[in-house]
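A quick write-up on the structure given underneath.
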Amino acid sequence: MRSRRRASRPAHCSKPCSGDDQRRSNRLVGCARALFARADSANPSFEPIVSHVATEHDPAQTADAGTYDFAALEAKWLPVWEEQELFRSGRPGDTRPRKYVLDMFPYPSGDLHMGHAEAFGFGDVSARYWRHQGFDVLHPIGWDSFGLPAENAAIKRGADPREWTYTNIAQQKASFRRYAPSFDWSRELHTSDPEYYRWNQWLFLKLYEQGIAYRKDGKVNWCPVDQTVLANEQVIDGHCERCGAVVVKKDLTQWYFRVTDYADRLVDDLNQLEGAWPQKVLSMQRNWIGRSSGADVDFEIEGRDERVTVFTTRPDTLYGATFMVVAVDSPLAAELAGGASDEVQRRFADYLAEVGAETDIERLATDKPKTGVFLERYAINPLNGERLPIWASDYVLADYGHGAIMAVPAHDQRDLDFARAFGLPVRVVVDVNQPVTGVIPVIPTDDEGNPVLPDDLPPLDPASTGTALTGEGRLINSGPLDGLSKSRAIHRAIEVLAERGTGRAAKNYRLRDWLISRQRFWGTPIPIIHCPDCGEVPVPEADLPVRLPEAKGLDLAPKGSSPLGAAEDWVNVSCPTCGGAAKRDSDTMDTFVDSSWYYLRYLNANDETRAFDPVEAEKWAPVDQYVGGVEHAILHLLYSRFVTKVLFDLGYLSFTEPFTSLLNQGMVLMDGSKMSKSKGNLVEFAAELNQHGTDALRVTLAFAGPPEDDIDWADVSPVGSAKFLARAWRIAGEVTSSPQVEWKTGDRALRRVTHRLLADAPGLIESFKFNVVVARLMELVNATRKTIDQGPGAGDAAVREAAEVTAMVLDLFAPYTAADMWQRLGYDTPVALVPWRKADSALLVAEQVTAIVQVDGKVRDRLEVSPKISTDELESLARGSAAVARAVGEREIANVIVRAPKLVNIATRR
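Below, the structure written as structure tokens:
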């Protein structure tokens, strides 16, 4: 399904675009989009159609208009910009206020694509806008250049990942330069440079010193295709986020970051970002962290000294617990099974092998038949002393809570399904037929004292109905908790547990520690040396970076262990502590470590003495505007927020959130589908540049709709954008007045259009309504063209003013065209650095407004009136309208409602 279709308004669109400012802007966008959709050079009717939106003049007939040639403009201005280094930030002595605008940096796999064109175009609008507003803008660029795609491509081609990566970077860099984002190229970085990943290793060591980086044994997500482990966040619906393979569990010793230590702050600090980040992203982060409140309950196990702790969000239902379930693949299950009979041990081993082939998604599926093994062991309920049989099953995960649950089948559907499958007791402890607010009502009884309940109440027998009772109600069959509502019963149950020393209030999280080990070559080596005598020994900071060895001679094919382990000269080293024989850690880091802090490295990209300067961080950070895809809503953004908080705790930063404002752009589709070669719907970035030019491509993407929406390339027209740019460029060449002309002497009607744009554009840009700004530019070009052709002419001061403002605002979207317009208008200074001109408030006051006159709810006339017209005057004008008189006819006017100066509503009766 396409996210945006062509505008439904007729292409000829003869109705003028009028009304209040917002409606006029919306109408301009819809009107112009409909016209651009028909911008086909083969369509002979296109020129007259376009004249409505952008011009009433045929540019081909304009004297001395010249020829708009996008290729010539690009060849002319790109060398000038590179020589001038216009966008270099942080120059000594620059006292302007600072803004940090950052795009999520690209991965160098082939040339840039249309998604890059959209994202970096939007980021550049923001960067250029803030320069016009008088800010020193830091807008850097780099490449996220480690990772599996480069390594897999190199293996496939028999090449070195370095060669493949840096060749692609050179190609993308050339395309970027032509696309003209206003980058500060002096801060360019590549995460695969030793000068960068040295500081990845420094960061690892800082976390290791604090106990935040640690190594442990455990079951991990394993991609059988890429032959490497994955963090939980990189597993999507049981599949590898990168290659799509079904992920399996594997026992490995791996490195982790304790992101769970920061879980509460990661949730709570999202409140700082309300209104500045998309609500969708905030919700995704909250859901992924998955904080829930409840209690840790300690159960005694018969024959075992140590208690088993179970987390539950519903300690109020403890009296309804009739059995316990432990994750079949947990150490606890193996321990308990070890004390069972030989038959149970055999069944347990078979069941464990069977479950090992399942993904977490399959295990948790609600429609999956419940399976399990009774371990011949019992737990003791800490509230009522009942013996609860302990089962091992696959529907409990080893890394949820403590790997064990108390099963309350009457009020949990999965527990109920399990109980029914194995004939286990079901006890109702929440009466969903009792209200939870107010006083408990007196339930009527019959002559024998039995309660008489309405026929439509749900039955309290889940064992027979097969449906768990999950609604609100009051506690029953629960001793001291009887009659309490859910919230009061939870509170009281926790108090009782605490009094008995068998439980306490607790929180649980869906979030798990960040697994950073990767069994691949092309990544940051982990700076740890393993010594038989000293154990884990950090590489001394003075010995950083631990450089990757040459790939030549190494078998990089995935094989389940890191290729670095086979690099004998690299892996075998002396222990820094005792000097004995030792080995380097052969795993590399997850590439999300690289991107978790890269925004800070840009501040000191060329500093060889430190990762970043806290003084520079105080000047520039956090990032004021971050632009990138919503696909990074959990992985990258969560990790970057975590690392920022760690660096804050270590005293390196004064802030706890890295990105103040976030803009997520949509996707660029073709015919309603994601572009791909296999589908035959691929639109190539380079081909579009060659055919239409950079400026037309950028204007098309900005005009297509709100940035967060998907763009269907079938519904837009770069041809139409190019024609609009040509008309704007020609106007600059026709201006005959001098730059010193007094603008106030110019045509007032045109000046009003110019100054409305100057006044409205900042708010529109800062709220990411780029398409509306483009539409307003088209309106200004149209008004300027009309003033030139129909009087007062090209020499009018207002024409120069309008042309200069057009060039200044157009710089946000079409830098080549804007630069050339500025030069044609007689200026040598770069238009990209021109201060934003202030709107004249006197020109923003409406001289006339349109008053709508309705008769019985239908619009019968439009009156142009003064904005200060009185109610009586407006009613008199409406009654005197010939169109209104015809509409009223012989009927009597029953009522007149006047809302001066915009509305008169006349109601009649026969």
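Each residue of the sequence shown is one higher than the one before, starting from 1 at the first, in full-length UniProt numbering.
Idealized CB from N, CA, C, for every residue including glycine.
The structure presented is a predicted model; accordingly, all values stated were derived computationally and were not measured.
Pair within 7 Å by beta-carbon distance, residue i and residue j
i      : j      : result
Asp710 : Gly672 : no
Val80  : Ser517 : no
Met406 : Thr312 : yes
Arg187 : Asp136 : no
Val297 : Ala404 : no
Leu205 : Pro540 : no
Asp513 : Thr260 : yes
Arg128 : Asp820 : no
Gln172 : Pro108 : yes
Val888 : Thr908 : yes
Cys531 : Ala567 : no
Ile869 : Pro901 : yes
Tyr208 : Phe642 : no
Ala794 : Leu780 : no
Tyr197 : Leu515 : no
For residue i, the first and last residue of its enclosing alpha helix (DSSP H)
i      : result
Ile529 : It is not in any alpha helix (DSSP H) - Ile529 instead sits in the beta strand (DSSP E) that spans Ile528 to Cys531.
Ile731 : Pro718 to Glu734
Met675 : Looking at the DSSP string, Met675 is not in any alpha helix (DSSP H), and its letter there is neither H nor E.
Phe703 : Thr694 to Phe703
Val855 : Note, Val855: premise wrong, no alpha helix (DSSP H); beta strand (DSSP E) at Val849 to Val855.
Ala168 : Rather than Ala, the amino acid found at residue 168 in this sequence is Asn. Note, Asn168: alpha helix (DSSP H), Pro161 to Tyr179.
Val809 : Ala797 to Leu810
Proximity winner among the options, relative to residue i (alpha-carbon distances)
i      : options                           : result
Arg785 : Ala633, Pro369, Lys769 and Phe724 : Phe724
Asp394 : Asn168, Tyr400 and Leu364         : Leu364
Val898 : Gln854, Glu892, Phe703 and Arg886 : Gln854
Gly680 : Leu689, Asn690, Ala686 and Leu669 : Leu669
Ala469 : Leu416, Ala213 and Asp360         : The sequence shown places Leu at residue 469, rather than the Ala named in the question. Ranking Leu416, Ala213 and Asp360 by Cα distance to Leu469 puts Leu416 first.
His755 : Val845, Glu83, Ser737 and Ala704  : Val845
Leu397 : Asp360, Glu472, Ala551 and Ser767 : Asp360
Phe176 : Leu112, Gln210 and Leu148         : Leu112
Glu82  : Leu484, Pro830, Pro614 and Ser341 : Pro830
Asp760 : Ala728, Ser738 and Val805         : Val805
Asp533 : Tyr256, Leu515 and Pro576         : Pro576
Ser596 : Gln133, Val101 and Asp144         : Asp144
Glu708 : Asn271, Pro435 and Lys280         : Lys280
Val865 : Glu847, Leu460, Phe422 and Asp251 : Glu847
Glu472 : Gly479, Tyr68 and Arg488          : Arg488
Ala732 : Ala722, Arg824, Gly651 and Arg752 : Arg824
Limits of the unbroken beta strand (DSSP E) element including residue i
i      : result
Pro389 : Arg387 to Ser393
Leu863 : Lys858 to Val865
Ser876 : Per DSSP, Ser876 belongs to no beta strand (DSSP E); it is in the alpha helix (DSSP H), Thr871 to Arg879.
Asn771 : Segment Phe770 to Gln790 is the alpha helix (DSSP H) holding Asn771; no beta strand (DSSP E) there.
Arg304 : Arg304 to Thr312
Asn271 : From DSSP, Asn271 is part of no beta strand (DSSP E); its letter is neither H nor E.
Residue i - partner residues in DSSP beta bridges
i           : result
Pro525      : Thr588
Thr253      : Asp217
residue 928 : Outside the shown range of the chain, which is 1 to 910, sits residue 928, and nothing can be said about it.
Trp185      : Its beta-bridge partners do not exist; DSSP assigns none.
Met406      : Met324
Arg659      : Reading off the sequence, residue 659 comes out as Phe, not Arg. According to DSSP, Phe659 bridges with Val623.
Leu843      : According to DSSP, which records beta bridges pairwise, Leu843 is partnered with nothing at all.
Tyr100      : Leu138
Cys240      : Val235
Glu300      : Ile380
Trp743      : According to DSSP, which records beta bridges pairwise, Trp743 is partnered with nothing at all.
Lys583      : His530 and Asn572
Phe374      : Trp391
Any chain C beta carbon closer than 7 Å to residue i
i      : result
Glu495 : In summary, chain C is missing from the structure at hand, where a single protein chain is found.
For the stretch 652–661 and the stretch 617–630, state whether three or more C-beta atom pairs, one from each stretch, are separated by less than 8 Å. A contact exists between the stretch 652–661 and the stretch 617–630.
Please determine if the stretch 504–524 and the stretch 281–291 are in contact, where contact requires at least 3 C-beta pairs separated by less than 8 Å. Short answer: they touch.
Validate contact between the stretch 138–151 and the stretch 72–90 using beta carbons, cut 8 Å, 3 pairs: As far as the Cβ criterion goes, the stretch 138–151 touches the stretch 72–90, which means the pair count is three or higher.
Decide if the stretch 155–175 is in contact with the stretch 560–577; the criterion is three or more beta carbon pairs, one per stretch, under 8 Å apart. Flag = no, the stretch 155–175 and the stretch 560–577 do not touch.
Across the stretch 783–800 and the stretch 739–751, are there enough close Cβ pairs to call them in contact, namely three or more that are closer than 8 Å? Two segments are said to touch when three or more pairs of C-beta atoms, one from each, lie closer than 8 Å; by this definition the stretch 783–800 touches the stretch 739–751.
Any chance the stretch 410–425 sits against the stretch 313–333, with 3 or more Cβ pairs inside 8 Å? Contact between the stretch 410–425 and the stretch 313–333 is present, because at least three Cβ pairs lie under 8 Å.
Say whether the stretch 548–556 touches the stretch 217–225, bearing in mind that this needs 3 or more beta-carbon pairs closer than 8 Å, one atom from each stretch. Verdict: no, contact absent.
Are the stretch 415–433 and the stretch 321–334 touching by the rule of at least three beta carbon pairs closer than 8 Å? Verdict: yes, contact present.
Okay, do the stretch 696–713 and the stretch 117–128 touch, 3+ Cβ pairs below 8 Å being the bar? Contact holds: three or more Cβ-Cβ distances are below 8 Å.
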